[in-house]
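Asks: Following this message is one structure expressed as structure tokens.
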Amino acid sequence: MAIFLDETSRIVVSGITGSEGAKHTRRMLAAGTNVVGGVNPRKAGQHAEISGRSLPVFGSVAESMASTGADVCVLFVPPPFVADAVMEAVDAGIGLAVVITEGVPVHDTARLWSHAVAAGGRTRIIGPNCPGIISPGKSNAGIIPADITGPGRIGLVSKSGTLTYQLMHELRDIGFSTCVGIGGDPIIGTTHIDAVEAFEKDPETDLIVLIGEIGGDAEERAAEFVRANVSKPVVGYVAGFTAPEGRTMGHAGAIVSGSAGTASAKKEALEAAGIRVGRTPSETAALVREVLG
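The opening position of the sequence shown corresponds to residue 302 in the numbering used here, with each subsequent residue numbered one higher.
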């Protein structure tokens with residue numbers, strides 16, 4: 302099985318006529334993803350010709366849903382327009398909105414997130430500033446390379462796109478049920494806890510990999526959730542052990558204040574919850590192999 306995304310998902314791409322939207326739509330189609338159309342209010346009624354497919358372009362997510370039955374929207378929208386685009390998708394009632402765009406102002410993310418909550422939380426938001434989500438062999442919504450791993454027993458949730466790819470590649474012989482890149486901005490939609498909770502309920506996910514980074518307290522909160530609610534083995538990795546003290550690095554959310562948010566503090570919290578933690582991606586992959594036997 303998979304979480305949030307599977308072979309029945311019907312995807313529309315907001316920004317499909319732009320260079321990034323078209324490029325990654327081509328890659329999603331090559332992975333077997335069921336892309337059913339695109340969204341661009343200025344080019345509504347046209348078609349995007351991609352990989353031999355003629356995909357209809359709609360003026361809104363609501364129109365795309367009515368015409369194609371779309372239930373997932375992947376957004377390649379310039380930062381100034383992300384909030385309005387996501388809120389329109391939320392108002393349309395789309396089940397999943399995957400926001401790839403980086404550089405979205407934090408106040409805009411706060412605005413779109415509060416709008417989604419006020420609408421009853423019917424739309425799951427992944428991102429912004431994320432690589433998306435892939436259920437290997439089933440569907441790929443975003444920019445995660447589809448050819449570096451296959452379907453399998455591991456569920457992965459990560460702040461970092463690059464580390465998502467590395468762990469997927471290192472554990473490709475075992476494979477993954479779903480890999481979720483949640484993004485590293487200070488405000489995001491889906492969290493580590495949301496993904497871990499879904500993996501815990503997924504009968505075909507045998508082990509969960511949780512990748513975090515310095516800054517904030519998301520990993521500490523995830524550790525508390527794991528301690529109280531998760532029966533499956535969890536292996537963790539925290540990026541930033543070699544980060545120079547006092548320097549802000551990486552994602553906008555990677556802000557360290559005193560001893561809070563450091564890699565060592567996060568490792569300690571994860572291990573206190575029974576999570577085995579690697580200091581490098583390769584060491585983390587070795588721990589996964591050890592736990593799975």
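Ideal Cβ placement from N, Cα and C applies to all residues, glycine included.
Please confirm if the region 320-332 is in contact with the region 435-451, defined as three or more CB-CB distances below 8 Å between the two stretches.
Replies: Result yes; three or more Cβ-Cβ pairs closer than 8 Å.
Asks: Alpha carbons only, please: which of A384, A367, I401 is nearest the one belonging to G394?
Replies: When each option's Cα is compared against that of G394, the closest is A367.
Asks: Which residue from G453, E364, D307 puts its Cα closest to that of T506?
Replies: Of the candidates G453, E364, D307, the one whose C-alpha sits nearest the C-alpha of T506 is G453.
Asks: Just curious, the beta strand (DSSP E) that N441 is in, first and last residue?
Replies: Taken as a continuous stretch (DSSP letters only), the beta strand (DSSP E) holding N441 covers 440-443.
Asks: Below 8 Å on the Cβ atoms is my contact criterion, and I expect A411 with C374 to pass it. Report the Cβ-Cβ distance as a whole number of Å.
Replies: Their Cβ separation, rounded to whole angstroms, is 20 Å, which puts A411 and C374 out of contact at 8 Å.
Asks: Please state whether DSSP places P487 in a helix, a strand or coil.
Replies: Coil at P487, not helix or strand.
Asks: I351 to A345, Cα distance in whole Å?
Replies: Answer to the nearest angstrom: the Cα atoms are 16 Å apart.
Asks: Please classify M302 as buried or exposed, where buried requires at least 16 other C-beta atoms within 10 Å of its C-beta.
Replies: By the 10 Å Cβ count, M302 comes out exposed.
Asks: Kindly indicate which residue of D503, A349, I317 has the alpha-carbon position closest to the one of K533.
Replies: The shortest Cα separation from K533 among D503, A349, I317 belongs to D503.
Asks: Can you check whether the CB of V481 is closer than 8 Å to the CB of G513?
Replies: Not closer than 8 Å, so no.
Asks: Restricting to runs no shorter than 3 residues, where is the beta strand (DSSP E) found entirely within the region 453-532?
Replies: Counting only runs of 3 or more, we get 477-482, 508-514.
Asks: Report buried or exposed for T334, applying the criterion of at least 16 other Cβ atoms within 10 angstroms of its Cβ.
Replies: With 16 or more other Cβ atoms within 10 Å, it is buried.
Asks: Using 10 angstroms around the beta-carbon of R590, count the other beta-carbons present and answer buried if the total reaches 16, otherwise exposed.
Replies: Its Cβ having fewer than 16 others within 10 Å, R590 is exposed.
Asks: By DSSP, does R577 sit in helix, in strand, or in coil?
Replies: DSSP places R577 in strand when its eight states are reduced to three.
Asks: Pair every Cβ in the region 446-466 with every Cβ in the region 423-436, then say whether three or more of these pairs are closer than 8 Å.
Replies: Contact holds: three or more Cβ-Cβ distances are below 8 Å.
Asks: Could you tell me the distance, in whole angstroms, from the CA atom of R343 to the CA atom of S310?
Replies: Taking the straight line from one Cα to the other gives about 26 Å.
Asks: Can you tell me the Cα-Cα spacing of H470 and T450, whole angstroms?
Replies: Straight-line Cα distance between these residues: approximately 6 Å.
Asks: Determine the contact status of I483 and I427, defining contact as a CB-CB distance below 8 Å.
Replies: Yes. Within cutoff.
Asks: Tell me the rounded alpha-carbon separation between D495 and T479.
Replies: For D495 and T479, the distance between alpha carbons rounds to 13 Å.
Asks: Taking the alpha carbon of V387 as the reference point, which residue from T369, V418, G370 has its own alpha carbon closest?
Replies: The residue with the shortest Cα to Cα distance from V387 is V418.
Asks: Between which two residues does the alpha helix (DSSP H) carrying S361 extend?
Replies: Run containing S361: none; DSSP gives neither H nor E here.
Asks: Mind checking who P357 pairs with in its DSSP beta bridge?
Replies: Beta-bridge pairing links P357 to H348.
Asks: Starting from I426, follow its DSSP beta bridges and name the residues at the other end.
Replies: Bridge partners of I426: A398.
Asks: Measuring straight from C-alpha to C-alpha, what distance separates K567 and F305?
Replies: Between K567 and F305, the C-alpha separation is close to 27 Å.
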